[in-house]
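Engineer:
Residue numbers (the working numbering): 8 to 67.
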């Protein structure tokens with residue numbers, strides 16, 4: 008069970024890193040809009056909650 012949690016947390020970390028890279032790319036190309044910021048912020052919020060839930064189960 009611990010291994011699946013580690014895999015899940017790594018996948019979430021990877022998705023967070025992908026979002027960060029997309030935002031950086033859009034910023035560098037001056038294509039960042041309010042809609043994109045809102046969309047990625049919502050997705051990031053969901054990922055953070057999943058990550059904290061996943062890691063909290065195995066750190067207590």
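For each residue, glycine too, the CB sits at the ideal point set by N, CA and C.
Quick caveat: nothing in here was measured; it's all calculated off a predicted structure.
Tell whether a beta-carbon distance below 8 Å holds between residue 59 and residue 43.
Structural biologist: no
Engineer: In the structure shown, what three-state DSSP assignment does residue 40 receive?
Structural biologist: coil
Engineer: With the cut-off set at 8 Å, would you say residue 47 and residue 26 are in Cβ contact?
Structural biologist: yes
Engineer: Give me the Cα-Cα distance between residue 55 and residue 40, rounded to the nearest whole angstrom.
Structural biologist: So the two alpha carbons sit approximately 22 Å from each other.
Engineer: Between the Cα of residue 53 and the Cα atoms of 36, 37, 29 and 20, which residue gives the shortest distance?
Structural biologist: 20
Engineer: Residue 31 to residue 61, Cα distance in whole Å?
Structural biologist: 27 Å
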